Amino acid sequence: MPKDAPVDPRGPRFSAWMTTVVLAVVLLTGWWRLLAAQTVLFAMCAFISLKLNPWGHVYRYAIQPRITPTTEREEAAPLRFAQGVGFVFALVGTLGYATGLTTLGMVATGFALIAALLNAALGLCLGCEMYLLLRRYAPALARPQSQ
Amino acid sequence: MTGVWALLGALAVAGAIGVLFKVREGRISRRDSSADSMDLPVPVRDLLAPGVTLVQLSTTFCAPCRHAKVILRDLADRTDGLTHAELDVTDLPDVAAQLGVMRTPTTLALTADGTEVLRVGGVPKRDSLLAALQPHLP
Numbered sequence: 001m002p003k004d005a006p007v008d009p010r011g012p013r014f015s016a017w018m019t020t021v022v023l024a025v026v027l028l029t030g031w032w033r034l035l036a037a038q039t040v041l042f043a044m045c046a047f048i049s050l051k052l053n054p055w056g057h058v059y060r061y062a063i064q065p066r067i068t069p070t071t072e073r074e075e076a077a078p079l080r081f082a083q084g085v086g087f088v089f090a091l092v093g094t095l096g097y098a099t100g101l102t103t104l105g106m107v108a109t110g111f112a113l114i115a116a117l118l119n120a121a122l123g124l125c126l127g128c129e130m131y132l133l134l135r136r137y138a139p140a141l142a143r144p145q146s147q
Numbered sequence: 001m002t003g004v005w006a007l008l009g010a011l012a013v014a015g016a017i018g019v020l021f022k023v024r025e026g027r028i029s030r031r032d033s034s035a036d037s038m039d040l041p042v043p044v045r046d047l048l049a050p051g052v053t054l055v056q057l058s059t060t061f062c063a064p065c066r067h068a069k070v071i072l073r074d075l076a077d078r079t080d081g082l083t084h085a086e087l088d089v090t091d092l093p094d095v096a097a098q099l100g101v102m103r104t105p106t107t108l109a110l111t112a113d114g115t116e117v118l119r120v121g122g123v124p125k126r127d128s129l130l131a132a133l134q135p136h137l138p
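Top line first, the protein sequences correspond to chains A and Z.
The UniProt record's numbering puts the first residue of the first sequence at 1, with every later residue one more than the last.
The UniProt record's numbering puts the first residue of the second sequence at 1, with every later residue one more than the last.
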């Protein structure tokens, strides 16, 4: 598992806003193929590298040069863990929509949207802070990406 | 139409959780001093120093733990009789469970004999924490 370097924390916040918009569109339209694409994106970021996130590239090339530089850096491990949590919800949501279990799809997508919005608006990563709780009730999640 | 209601519901829940977390962030809870200090897990007991030790429980996946560390380390450096120590419980869930800790960062203020005087959930607020610790400092 490659280890990502620490990142400018405003990048993941921008990415979380974009994810919130994508998930809101999914909820409004039920367009499960879009949710499937988001699921793949979550998986790539969680299990391969944050560098594969296209929103990160948009931030780096279009936004970062236009705003005040910061020396603040955020470790990649919590960010990747958050992407992993998003992946689980998005996967369940995709399967729900695709198999006709629309309520399941909406609930799972709703959870993913709540997490993304809290991350975007408040910088709050529910899954990261509640890791101990998640680990207690879902031991399979323990250290999903040991580095 | 159902999708609209689902979206509005998700936004409302996110708002409620956000408010709850903001209100609880840095909240200090005082502990019952009769709690048995003998129950303290060994990895925590090993960190105790003279005076009061702020034992910060963190995990690898906890982004705000870094902010808490900066605040607590600075506070300990400037305060006599106060020490800061960080314990990574990513692979020590039993220790966290034994202490009744579900969220990181959580900081325990412990005396040298292991008595817990208070605990803070989330990133501590420097001034209110110092005020709460004052009666226990030399």
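Built from N, CA and C at the ideal position, the CB exists for glycine as well.
Note that the coordinates shown come from a computational prediction; the quantities given were computed from them, not determined experimentally.
Cα-Cα separation between alanine 108 of chain A and valine 92 of chain A, rounded to whole angstroms: Mapped onto the first sequence, residue 108 of chain A falls at position 108. Mapped onto the first sequence, residue 92 of chain A falls at position 92. Spanning the two alpha carbons is a distance of roughly 6 Å.
Spatially closest choice to phenylalanine 89 of chain A from A/Leu23, A/Phe47, A/Ala121, by CA coordinates: Within the first sequence, the letter at position 89 stands for residue 89 of chain A. Out of A/Leu23, A/Phe47, A/Ala121, A/Leu23 has the C-alpha closest to the C-alpha of phenylalanine 89 of chain A.
Assigned secondary structure, valine 55 of chain Z (DSSP; H/G/I helix, E/B strand, else coil): Indexing the second sequence from 1 puts residue 55 of chain Z at position 55. Three-state result, valine 55 of chain Z: strand.
Presumed contact (8 Å Cβ cut-off) between alanine 46 of chain A and arginine 80 of chain A, rounded CB distance: Indexing the first sequence from 1 puts residue 46 of chain A at position 46. Indexing the first sequence from 1 puts residue 80 of chain A at position 80. Yes, alanine 46 of chain A and arginine 80 of chain A are in contact; Cβ-Cβ is about 5 Å, under 8 Å.
Per-residue DSSP class, three states only, for residue 139 of chain Z: For chain Z, the structure presents residues 1 to 138; residue 139 of chain Z sits outside this window and is missing.
CB contact below 9 Å: alanine 5 of chain A versus chain Z: Residue mapping note: residue 5 of chain A aligns to position 5 of the first sequence, counting from 1. Cβ-Cβ to chain Z under 9 Å: no for alanine 5 of chain A.
Where aspartate 94 of chain Z sits in the DSSP three-state scheme: The residue you call residue 94 of chain Z lines up with position 94 of the second sequence. Of the three classes helix, strand and coil, the one that applies to aspartate 94 of chain Z here is helix, per DSSP.
Residues within the stretch 8 to 35 of chain Z neighbouring chain A, beta-carbon criterion of under 8 Å: Gly9, Ala10, Leu11, Val13, Ala14, Ile17, Gly18, Phe21, Lys22
Meets three-Cβ-pair contact criterion under 8 Å: the stretch 27 to 45 of chain A and the stretch 117 to 137 of chain A: no
Sequence-distant residues of its chain with Cβ nearer than 8 Å to glutamate 74 of chain A (five each side left out): Translated into positions along the first sequence, residue 74 of chain A becomes position 74. Pro6, Val7, Asp8, Pro9, Pro12, listed in sequence order.
Exposed unless 16 or more other CB atoms sit within 10 angstroms - verdict on methionine 1 of chain Z: Taking the first residue of the second sequence as 1, we reach residue 1 of chain Z at position 1. That one is exposed.
From Z/Leu108, Z/Leu110, Z/Gly18, Z/Leu40, residue whose alpha carbon lies closest to that of aspartate 94 of chain Z: By one-based count along the second sequence, residue 94 of chain Z stands at place 94. The shortest Cα separation from aspartate 94 of chain Z among Z/Leu108, Z/Leu110, Z/Gly18, Z/Leu40 belongs to Z/Leu40.
Own chain, CB closer than 6 Å to serine 29 of chain Z, minus 5 neighbours either side, in chain order: Working through the second sequence from its first residue, we reach residue 29 of chain Z at position 29. So the list reads Arg119, once near-sequence residues are dropped.
Collapsed DSSP secondary structure at arginine 103 of chain Z in the structure displayed: The residue labelled residue 103 of chain Z in the question sits at position 103 within the second sequence. DSSP places arginine 103 of chain Z in coil when its eight states are reduced to three.
The stretch 95 to 108 of chain Z touching the stretch 1 to 15 of chain Z, judged by at least three CB pairs closer than 8 Å: no
Backbone secondary structure at valine 89 of chain Z - three-state DSSP: In the second sequence, counting from the first residue as 1, residue 89 of chain Z sits at position 89. Three-state DSSP puts valine 89 of chain Z in coil, outside helix and strand.
Cross-chain neighbours of valine 55 of chain Z in chain A, by beta carbon under 8 Å: Mapped onto the second sequence, residue 55 of chain Z falls at position 55. Simply none; closest approach about 15 Å.
Paired residues, beta bridge with valine 120 of chain Z - DSSP: In the second sequence, counting from the first residue as 1, residue 120 of chain Z sits at position 120. Z/Ile28, Z/Thr107.
Assigned exposure category for leucine 110 of chain Z - 16 Cβ within 10 Å defines buried: Counting from one through the second sequence, the residue named residue 110 of chain Z turns up at place 110. Under this definition leucine 110 of chain Z is a buried residue.
C-beta atoms of leucine 87 of chain Z and proline 138 of chain Z nearer than 9 Å: Stepping through the second sequence from its first residue, residue 87 of chain Z is reached at position 87. Stepping through the second sequence from its first residue, residue 138 of chain Z is reached at position 138. Cβ distance not < 9 Å, so leucine 87 of chain Z and proline 138 of chain Z don't count as in contact.
Buried or exposed (CB count within 10 angstroms, at least 16 for buried), glutamate 72 of chain A: Here the question's residue 72 of chain A lines up with position 72 in the first sequence. By the neighbour-count rule (16 or more Cβ atoms within 10 Å), glutamate 72 of chain A is not buried but exposed.
Residue closest to glycine 105 of chain A, alpha-carbon to alpha-carbon, out of A/Leu95, A/Ala121, A/Leu113: Here the question's residue 105 of chain A lines up with position 105 in the first sequence. The candidate whose alpha carbon is nearest that of glycine 105 of chain A is A/Leu95.
Segment contact, 8 Å Cβ cut-off, at least three pairs: the stretch 49 to 60 of chain Z with the stretch 15 to 30 of chain Z: no
Cβ-Cβ distance between arginine 66 of chain Z and histidine 84 of chain Z below 9 Å: As a working mapping, residue 66 of chain Z is identified with position 66 in the second sequence. As a working mapping, residue 84 of chain Z is identified with position 84 in the second sequence. Against a cut-off of 9 Å, the Cβ pair of histidine 84 of chain Z and arginine 66 of chain Z comes out as no contact.
CB contact flag (leucine 133 of chain Z, valine 117 of chain Z, <9 Å): Your numbering for residue 133 of chain Z matches position 133 in the second sequence. Your numbering for residue 117 of chain Z matches position 117 in the second sequence. Taking 9 Å as the Cβ cut-off, leucine 133 of chain Z and valine 117 of chain Z qualify as a contacting pair.
Proximal chain A residues relative to alanine 68 of chain Z, where beta-carbon distance stays under 7 Å: For the purposes of this step, residue 68 of chain Z is taken as the residue at position 68 of the second sequence. Ordered by position in chain A, no residue passes the 7 Å Cβ test against alanine 68 of chain Z, which lies about 11 Å from the chain.
Contact under 9 Å by Cβ, cysteine 62 of chain Z with threonine 115 of chain Z: Residue numbering aside, residue 62 of chain Z sits at position 62 when the second sequence is read from its first letter. Residue numbering aside, residue 115 of chain Z sits at position 115 when the second sequence is read from its first letter. It is not a contact, given that the beta carbons lie outside the stated cut-off.
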